[in-house]
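See structure below.
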Amino acid sequence: MFSGALIGLTAVGLSGDAFAASLARGAGSRSGNLARALRNGAIFGTAEGAMCLLGWLLAAGLSGLVTALDHWVAVILLGFIGGKMIVESFAEGPAETGRAAGESRLAMTCLTALATSVDSAVIGVAMNFSGVEAGVALLIGGVSAVLSTLGFLLGPIAGQLLGRRAELVGGLVLIAIGVSIWTDHVLA
7 MFSGALIGLT
17 AVGLSGDAFA
27 ASLARGAGSR
37 SGNLARALRN
47 GAIFGTAEGA
57 MCLLGWLLAA
67 GLSGLVTALD
77 HWVAVILLGF
87 IGGKMIVESF
97 AEGPAETGRA
107 AGESRLAMTC
117 LTALATSVDS
127 AVIGVAMNFS
137 GVEAGVALLI
147 GGVSAVLSTL
157 GFLLGPIAGQ
167 LLGRRAELVG
177 GLVLIAIGVS
187 IWTDHVLA
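One point on numbering: in the working numbering, the residue at position 127 of the sequence shown is 133, and numbering is uninterrupted.
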């Protein structure tokens, strides 16, 4: 049975990947833009809560499928996004600017949020089987939103320390998260 403390620890634990990914995304930012940080947090929190709720709703019939595929989805998406960041870290010339750059950043943020929240679906399944109410997904999403916002705001500090290598390090972090999720499931 999930106690209040266990639910809180689970929420923080699930948010770890989102925090690290947000830190990496924020490292590529020139400054801690609060509006972008809040948008980033909202996207990551929504993805985390929605995936948890989806797992809770699908628990009856599809728990085996969710458990069988979640780690593959995460490693593929995070590998792709991390690889793209690594390639861009070696690109010559100025970064994209304007509307196209904003749309690209938003798309990558959404993909990253989806990839880091896949494991929340499995937690949602476990919560359903343990009799935990579906509303707990809101708490999990809220914790992820707060920690992701904080990670994005702290990212520029990491970016200043790392300079142009920040995007390279960020890409490597995302790939490491994907590999970690994959190995945790394969070796379990």
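Using N, Cα and C, we set each Cβ at its ideal position, and we do this for glycine too.
Would you kindly work out how many angstroms separate the C-alpha atoms of residue i and residue j, rounded to a whole number?
i, j, result
"P100", "E54", "Residue placement at P100 cannot be trusted, given a pLDDT of 49 that sits under 50; what the coordinates show is reported in the next sentence. Approximately 33 Å between the Cα atoms of the pair."
"A119", "G137", "27 Å"
"S150", "L144", "10 Å"
"A194", "T52", "28 Å"
"H191", "N46", "27 Å"
"I146", "V179", "22 Å"
"I87", "G19", "22 Å"
"L64", "R171", "41 Å"
"S21", "I129", "12 Å"
Taking 8 Å as the cut-off, decide whether the C-beta atoms of residue i and residue j are in contact.
i, j, result
"G161", "A41", "no"
"E94", "E173", "yes"
"V124", "M57", "yes"
From the options, pick the residue whose C-alpha is nearest to that of residue i; which is it?
i, options, result
"I49", "T122, L63, I13 and K90", "T122"
"W188", "M57, I82, I13 and S9", "I82"
"L60", "D76, R45, N46 and G47", "D76"
"M114", "K90, M133, F96 and G130", "K90"
"N39", "G130, L159 and I183", "L159"
"A24", "T155, M133, S9 and A11", "T155"
"A127", "G176, A80 and V175", "A80"
"G177", "I13, A26 and G10", "A26"
"A13", "V185, L112, A97 and A132", "Residue identity check: residue 13 is Ile in the sequence provided, not Ala. Ranking V185, L112, A97 and A132 by Cα distance to I13 puts A132 first."
How far does the alpha helix (DSSP H) with residue i in it reach, from first residue to last?
i, result
"V138", "Here V138 belongs to no alpha helix (DSSP H), and DSSP marks it neither H nor E."
"G14", "G10 to A33"
Legend entry - Touch test, the stretch 22-42 against the stretch 160-172, Cβ-Cβ under 8 Å, three pairs minimum: Short answer: they touch.
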